[in-house]
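Here's the structure we're looking at; comments come further down.
Residue numbers (full-length UniProt numbering): 1 to 84.
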């Protein structure tokens with residue numbers, strides 16, 4: 001039986017470092033934040049490490065639980081330049 005290797009998602013909805021920073025700034029543990037959002041502590045850890053992408057709905061809940069603007073947690077996409 002072939003062993004499955006785990007890969008990171010190609011596109012994240014969140015900036016993992018921003019989620020960790022905001023959680024620590026709020027003085028919460030991963031477990032406390034996960035409880036407030038209604039997700040497992042494991043999923044919260046995977047969101048913070050970048051192994052899983054937060055759903056848009058969960059990202060909104062995370063921002064609300066941290067009393068943080070959503071834009072702070074959202075993934076920043078590089079600006080595309082148009083060639084006219």
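Note that CB positions come from ideal geometry on N, CA and C, so glycine has one too.
Status (buried if at least 16 other CB within 10 Å, exposed otherwise) for residue 3: exposed
Cβ-Cβ separation, residue 73 to residue 18 (assumed contact under 8 Å), whole Å: 5 Å
Contact set for residue 61: own chain, Cβ-Cβ below 6 Å, skip 5 residues either direction: 37
Residue environment, residue 54, which counts as buried when at least 16 other CB atoms sit within 10 Å: buried
Residue 14 - partner residues in DSSP beta bridges: 74
For residue 66, the three-state DSSP class (helix, strand or coil): coil
Nearest neighbour of residue 75, chosen from 16, 35, 43 and 20 [CA to CA]: 16
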